[in-house]
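Chemist:
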Amino acid sequence: TTTGDKMFQLLVALVTALLLHETTSFVLRSPTTSGTIGRHSSGGVTPLQQQLQAAADDSDQQQESTNQGLQSNGSGLFNRRDAMIASRNSAILLSTMLLKSQKAVATDGAGGIGSDPKHPIVILGGGGKCGKQCAKILASKGLYVLATTRDGRAVLEEDSPFVSYASCDLTKEAVVNQALSGASGVIFAASASGKKKGGVPRDVDYIGAMNTATACIQQKVPKLVLLSAGSVTRPTSKGFKSTNYFVKDIYGEKIMDYKIAGESAVRDLYAQKGGGKSGLAYTIIRPGGALNGRPSKGSTKLHLSQGDVYSSEISREDVSLATVEALLKGKGTDFVTFELNQIGGLTKSIASLDDLPSELVHAGAPTFSELLDGLVTDSDMKAKYPNIVNEFRGDIL
């Protein structure tokens with residue numbers, strides 16, 4: 474989070490407190506929402522958002538009212554009632570300025586993705602660690618998010634006027650299709666959590682990914698970002714084998730096989746029905762071993778590559794920051810697949826693999842946006858580097 478973002482959040486909190494103090498209609502909690510603001514079935518506008526929007530639409534009148542409040546009885550003095558009115562109107566005016574500035578950021582920085590509460594960015598797997606992080610990052614940018622889980626629960630510790638919630642069963646194509654209706658972008662951050670919690674690898678990482686791509690194409694969602702895993706095309710690597718072995722009793726059998734099968738299904742669907750002149754695109758990110766609870770190391774400490782050769786660890790926060798950037802960056806991340814690791818501890822997933830050409834390696838970039846510059850599309854990877862791309866699609870039969 475940048476210093477500017479922190480200052481912005483502080484101002485929003487201050488304005489919200491003033492508005493809540495002065496206006497009894499700002500009800501953030503009620504029995505029908507289980508104490509959670511913004512809990513809607515599909516990206517609806519919360520009461521606070523409606524109040525702020527009304528203020529934005531009437532900013533000139535509020536400014537005039539504020540000026541009048543400071544001129545009590547023509548004497549240059551104002552009583553307590555006038556002071557309260559002036560305070561309230563000043564708060565509304567400030568919230569108006571903040572709302573307008575956030576709209577400008579959303580539109581200018583994201584090409585409209587997430588700038589309209591009716592067309593939010595949908596996060597599938599919003600209850601997971603990366604899903605939560607992505608929701609927080611997007612909300613800090615003033616972008617609207619619909620975070621989905623199997624039960625539709627709220628996932629953030631603090632309420633946000635930019636985040637709403639819905640339930641979504643990834644194994645049911647019709648349900649996914651409905652959840653993505655009106656979405657301006659989609660982040661697939663879901664993964665198997667076991668039979669008791671919500672799904673085995675086949676259901677989530679494979680069928681869920683396939684259902685998501687199908688729905689994105691049907692609903693004409695401009696961009697899908699899919700989180701997968703590093704080493705998924707290297708079934709003889711230690712990373713592939715150990716991941717399958719150590720999580721099988723918790724999440725289910727062959728999670729790595731089903732992840733690459735999910736990736737392959739997404740590419741196939743976009744090749745058949747999306748892409749080209751449709752204006753629809755995907756990005757696939759393969760993070761290294763995720764480090765829970767570790768803070769971001771920043772883009773300068775990260776290694777991005779294409780070809781599934783290198784492996785290391787990486788904090789979930791860095792994965793989430795890169796995921797958000799990939800979604801918002803535009804055409805530069807269309808139809809690409811890349812691995813993301815931290816530079817420290819970087820090794821080859823298989824020692825005998827050749828070094829990658831410089832075109833396929835990006836490291837130490839000053840910003841996440843620059844880290845994602847110059848990526849090679851999946852089709853160009855096959856054409857230019859057939860000896861690097863492994864066509865393994867998973868042993869799922």
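Take any residue in the sequence shown, note its place counting from 1, add 473, and you have its number in this note's numbering.
All C-beta atoms in this analysis are idealised placements derived from N, C-alpha and C, irrespective of residue type, glycine included.
Mind checking E631: buried by the 16 CB within 10 Å criterion, or exposed?
Modeler: E631 comes out exposed.
Chemist: Using DSSP with H/G/I as helix, E/B as strand and the rest coil, what is V797?
Modeler: The answer is helix: DSSP assigns V797 an H, G or I state.
Chemist: How long is the line joining the alpha carbons of R767 and R740, rounded to whole angstroms?
Modeler: Between R767 and R740, the C-alpha separation is close to 32 Å.
Chemist: Measure how close the beta-carbons of A639 and A652 come, nearest whole angstrom, since I'm counting them as under 8 Å.
Modeler: Rounded, the Cβ-Cβ distance is 6 Å, consistent with contact.
Chemist: Where in the region 695-762 do unbroken runs of the beta strand (DSSP E), each at least 3 residues long, occur, reported from the N-terminal end onward?
Modeler: The qualifying runs are 696-700 and 754-760.
Chemist: Which ranges would you report for the alpha helix (DSSP H) in the region 779-830 if only whole runs of at least 4 residues count?
Modeler: Listed in chain order, the complete alpha helix (DSSP H) runs (minimum 4 residues) inside the region 779-830 are 789-801.
Chemist: Apart from the five residues just before and just after S822, which ones in its own chain have a Cβ nearer than 6 Å to its Cβ?
Modeler: Closer than 6 Å at the Cβ level, and outside the excluded window around S822, lie S704, R707, S710, G712 and S784.
Chemist: Do the CB positions of K727 and N717 come within less than 7 Å of each other?
Modeler: Yes, the pair counts as a contact, with Cβ atoms nearer than the cut-off.
Chemist: Under a three-way DSSP split, which group does V871 fall into?
Modeler: Given a span of 474 to 870 for the chain in the structure shown, any question on residue 871 remains unanswerable.
Chemist: To the nearest angstrom, how far is the alpha carbon of V698 from that of S831?
Modeler: Computed Cα separation, rounded: 25 Å.
Chemist: If you run the structure through DSSP and keep just helix, strand and coil, what is L572?
Modeler: Since pLDDT at L572 reaches only 44, below the 50 mark, its modelled position is unreliable, and no value is offered.
Chemist: Going by beta-carbon coordinates alone, are S769 and E798 separated by less than 7 Å?
Modeler: No, the pair does not count as a contact, with Cβ atoms beyond the cut-off.
Chemist: Just to confirm my understanding: we take A612, look at its own chain, exclude 5 residues before and 5 after, and list those with CB closer than 7 Å. What are they?
Modeler: The residues are V618, S633, F635 and V636.
Chemist: Ordered along the chain, which non-local residues of its own chain (more than five positions away) have a Cβ less than 7 Å from that of S788?
Modeler: Cβ within range, chain order: L764, R767, P768, S769 and K770.
Chemist: Taking all protein chains shown into account, decide if S715 is buried (16 or more other Cβ within 10 angstroms of its Cβ) or exposed.
Modeler: Exposed is the call here.
Chemist: With burial defined as no fewer than 16 other Cβ atoms inside 10 Å of the residue's Cβ, what is the status of Q815: buried or exposed?
Modeler: The residue in question, Q815, is buried, as its Cβ has 16 or more Cβ neighbours within 10 Å.
Chemist: Per DSSP, what kind of secondary structure is V518 in: helix, strand or coil?
Modeler: Any answer about V518 is weak, because its pLDDT of 46 lies below 50 and its placement is not dependable; what the coordinates show is given next. Coil at V518, not helix or strand.
Chemist: Evaluate I758 with the Cβ neighbour count: other Cβ atoms within 10 Å of its Cβ, from every protein chain shown; 16 or more gives buried, anything less gives exposed.
Modeler: So I758 ends up on the buried side.
Chemist: Please classify T773: is it buried, with 16 or more other beta-carbons within 10 angstroms of its beta-carbon, or exposed?
Modeler: Answer is exposed; the Cβ neighbour count stays below 16.
Chemist: Just to confirm my understanding: we take T687, look at its own chain, exclude 5 residues before and 5 after, and list those with CB closer than 7 Å. What are they?
Modeler: Same-chain partners within the cutoff: E646 and L742.
Chemist: Compare the beta carbon distance of S778 and E812 with 7 Å and say whether it is the shorter of the two.
Modeler: Going by C-beta atoms, S778 is nearer than 7 Å to E812.
Chemist: Quick one: grab the DSSP three-state call for T644.
Modeler: Residue state, collapsed to three classes: coil.
Chemist: Can you tell me the Cα-Cα spacing of T569 and G601, whole angstroms?
Modeler: Low confidence applies to T569: its pLDDT is 44, below 50, so where it sits in the model is not reliable enough to give any reading.
Chemist: Measure from the alpha carbon of P447 to the alpha carbon of each residue in K605, K855 and I660, then state which is nearest.
Modeler: Because the chain in this structure spans residues 474 to 870, residue 447 falls outside the shown range and cannot be described.
Chemist: From the DSSP output, in three-state form, read off P859 for me.
Modeler: Correct three-state label for P859: coil.
Chemist: Go ahead and pull the three-state DSSP assignment for A897.
Modeler: Here the chain comprises residues numbered 474 to 870, so residue 897 is not present and cannot be evaluated.
Chemist: Which same chain residues, not among the five before or five after N860, have their C-beta less than 6 Å away from its C-beta?
Modeler: Cβ within range, chain order: n/a, list empty.
Chemist: Since I believe A663 is in contact with V677 (beta carbons under 8 Å), could you give me their beta-carbon distance rounded to a whole number of angstroms?
Modeler: About 5 Å; that satisfies the 8 Å criterion.
Chemist: Output the boundary residues of the beta strand (DSSP E) element that contains T685.
Modeler: Unbroken run through T685 is the alpha helix (DSSP H), A682 to Q691; no beta strand (DSSP E).
Chemist: Let me know if P839 comes out buried or exposed under the rule of 16 or more other beta-carbons within 10 Å of its beta-carbon.
Modeler: Flag for P839 reads exposed.
Chemist: Skipping 5 residues on each side, what residues in its chain have a beta carbon closer than 7 Å to that of D642?
Modeler: Here the set comprises R623 and V648.
Chemist: Using alpha carbons as the reference points, say which of L700, P695, K696 and A682 lies closest to G604.
Modeler: Measuring from the Cα of G604, the nearest candidate turns out to be L700.
Chemist: Here's the rule I'm using: 16 or more other beta-carbon atoms within 10 Å means buried, otherwise exposed. How should E790 be labelled?
Modeler: Classification for E790: buried.
Chemist: My output table needs one value for S633: the three-state DSSP class, helix, strand or coil.
Modeler: Note: S633 maps to coil in three-state DSSP.
Chemist: Suppose you measure from the CA of L819 to the CA of V849; what does that come to, to the nearest Å?
Modeler: Each residue's alpha carbon lies about 21 Å from the other.
Chemist: With F661 as the anchor, note down where its beta strand (DSSP E) starts and where it stops.
Modeler: Segment G658 to F661, the beta strand (DSSP E) holding F661.
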